[in-house]
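Colleague: 30 is the number of the first residue of the sequence shown in this note's numbering; add one for each residue after it. Glycine included, each C-beta is placed from N, C-alpha and C at the ideal position. Quick one: the structure is below, questions incoming.
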Amino acid sequence: MSIVSDIKRGLSGVYSTVNRILLINVLVFLTVNITVNLLLLNGRDDLSEGVIRAIGLSGDPLKAVMFVWTFITYSFMHIDFWHILGNMLLFWFLGRLFSDHLGGARLWGTYLLGGIAGGILFIGVSMFMQGGDSFVLFGASAATTAVVVGIAAFTPESMVYPFGIPVKLKWFALISFLLSSLLELSANTGGKVSHIGGALLGFWYGSQLRLGKRPLESFMNWFAPRRERRSRSKLRVEHVQRPRGVSDEQYNQSKALIRRRIDEILDKISRSGYDSLSREEREFLQNNHDKT
30 MSIVSDIKRG LSGVYSTVNR ILLINVLVFL TVNITVNLLL LNGRDDLSEG VIRAIGLSGD
90 PLKAVMFVWT FITYSFMHID FWHILGNMLL FWFLGRLFSD HLGGARLWGT YLLGGIAGGI
150 LFIGVSMFMQ GGDSFVLFGA SAATTAVVVG IAAFTPESMV YPFGIPVKLK WFALISFLLS
210 SLLELSANTG GKVSHIGGAL LGFWYGSQLR LGKRPLESFM NWFAPRRERR SRSKLRVEHV
270 QRPRGVSDEQ YNQSKALIRR RIDEILDKIS RSGYDSLSRE EREFLQNNHD KT
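Rendered as structure tokens:
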């Protein structure tokens with residue numbers, strides 16, 4: 030009973046989005062591997078391959094369009110244990126930081142869009158590779174790369190501590206990308222190309238947010254809890270004139286900080302209700318709701 034309670038708590042707590050994405054990946058990994066192995070034991074190699082192709086993304090554009098859902102499902106599918114372990118450790122490590130700064134809704138959206146961007150680039154490259162139409166892409170690498178690069182683009186000077194070693198986030202993301210994507214590109218070319226697609230999406234999105242812009246916000250809000258969406262809809266968005274003597278970068282950074290604080294308060298409302306806010310949080314929300 031305590032295990033069930035722990036799982037429920039993890040799926041509704043501060044890092045609920047991170048935990049939900051992790052759980053989906055693990056459940057899909059177990060389900061696919063058990064199913065495929067049972068089919069192989071019964072000599073049904075054709076069906077086992079069909080399971081993989083029904084979830085993985087085909088390098089053949091026509092098949093990819095026919096099985097359009099695979100643009101999303103492939104990002105939750107792994108066959109190799111070390112593949113899922115590496116992806117999920119990296120996602121858990123920086124997904125929480127992403128959630129802290131930008132919220133769970135944007136984490137969901139970035140994960141999915143990063144996977145889609147990686148899939149599109151994978152198909153584009155496969156079209157020019159011999160036998161590329163027979164390739165099948167699966168794994169969370171492109172989606173995870175989008176999250177890693179996205180948060181690094183948003184707050185590049187933040188410090189992270191892999192293995193207890195202090196490293197600026199921008200350098201950690203760069204090294205991680207180089208090691209997982211550009212080195213030995215000839216090995217698993219299609220898969221590593223998808224990492225590049227995820228990285229491009231993450232870099233663009235994180236950079237836009239850092240500049241104080243809010244692209245894709247309508248899409249991202251689809252992943253916010255219903256109560257939070259209602260709270261956001263009540264916020265009045267107005268143009269606030271930039272004060273004299275303040276540069277565009279300083280002004281945009283100030284707006285980004287205010288928005289981040291508002292998002293944190295709205296997250297708290299979605300988890301615990303408006304009554305859980307402190308007096309300072311209520312006053313901040315009231316005084317700044319028109320500055321985003």
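#1: Along the chain, where does the alpha helix (DSSP H) containing T184 start, and where does it finish?
#2: Can you tell me where the alpha helix (DSSP H) with V47 in it begins and where it stops?
#3: With contact counted as at least three CB pairs below 8 Å, one residue from each stretch, are the stretch 174-191 and the stretch 153-162 in contact?
#4: Can you say whether G72 is buried or exposed, counting buried as having 16 or more other CB atoms within 10 angstroms of its CB?
#5: On the criterion of 16 or more Cβ atoms from any shown chain inside 10 Å, does T139 qualify as buried, or is it exposed?
#6: Contact defined as beta carbons within less than 8 Å: I believe F206 pairs with T173. What is the distance between those atoms, to the nearest angstrom?
#7: What alpha helix (DSSP H) runs, 4 residues minimum, are completely inside the stretch 70-102?
#8: Is L56 near R49, with beta carbons less than 8 Å apart?
#9: Please state whether the Cβ-Cβ distance between G227 and G161 is less than 8 Å.
#10: Is A171 closer than 8 Å to G143 when the C-beta atoms are compared?
#11: Apart from the five residues on each side of it in sequence, which residues of its chain come closer than 7 Å, Cβ to Cβ, to S236?
#12: Using alpha carbons as the reference points, say which of K221, R289 and S247 lies closest to G241.
#13: Is the beta carbon of L238 sitting closer than 8 Å to the one on A285?
#14: Where does K197 sit, in a helix, a strand or coil, going by DSSP?
#15: According to the neighbour-count rule (16 or more other Cβ atoms, all chains shown, within 10 Å of its Cβ), is W251 buried or exposed?
#16: Rank L123, I108, R135 and W121 by C-alpha distance to the C-alpha of E246 and give the top, closest one.
#17: Is it right to say G201 is buried, meaning 16 or more other beta carbons lie within 10 angstroms of its own, or is it exposed?
#18: What's the C-alpha gap between L91 and P195?
#19: Output needed for S336: all residues of its chain with C-beta closer than 7 Å, excluding positions within five of it in sequence on either side, in chain order.
#20: Whose C-alpha, out of L229, L295 and A169, is nearest the C-alpha of G220?
#21: Tell me, please, whether the CB atom of V47 is closer than 8 Å to any CB atom in chain B?
#22: Would you kindly work out how many angstroms separate the C-alpha atoms of T46 and S163, rounded to a whole number?
#23: State the DSSP-derived secondary structure class of M156, mapped to helix, strand or coil.
#24: Checking 8 Å against the spacing of the C-beta atoms, do V189 and G231 come in under that value?
#25: Could you pull out every unbroken alpha helix (DSSP H) segment of at least 4 residues lying fully inside the stretch 197-244, listed in chain order?
Modeller: So, from the listed chains and residues:
#1: T184 -> no alpha helix (DSSP H), and no H or E assigned at all.
#2: S45 to L70
#3: no
#4: exposed
#5: buried
#6: Actually they are not in contact, since the Cβ atoms of F206 and T173 sit about 11 Å apart, beyond 8 Å.
#7: 74-84, 90-95 and 99-102
#8: no
#9: no
#10: yes
#11: A182
#12: R289
#13: yes
#14: strand
#15: exposed
#16: R135
#17: Sequence inspection shows Phe at residue 201; the Gly mentioned does not correspond to that position. By the neighbour-count rule (16 or more Cβ atoms within 10 Å), F201 is buried.
#18: 47 Å
#19: One cannot answer for residue 336 here, as it falls past the ends of the chain, which runs 30 to 321.
#20: A169
#21: Among the protein chains of the structure shown there is no chain B, as only one such chain exists.
#22: 34 Å
#23: coil
#24: no
#25: 198-206 and 218-239
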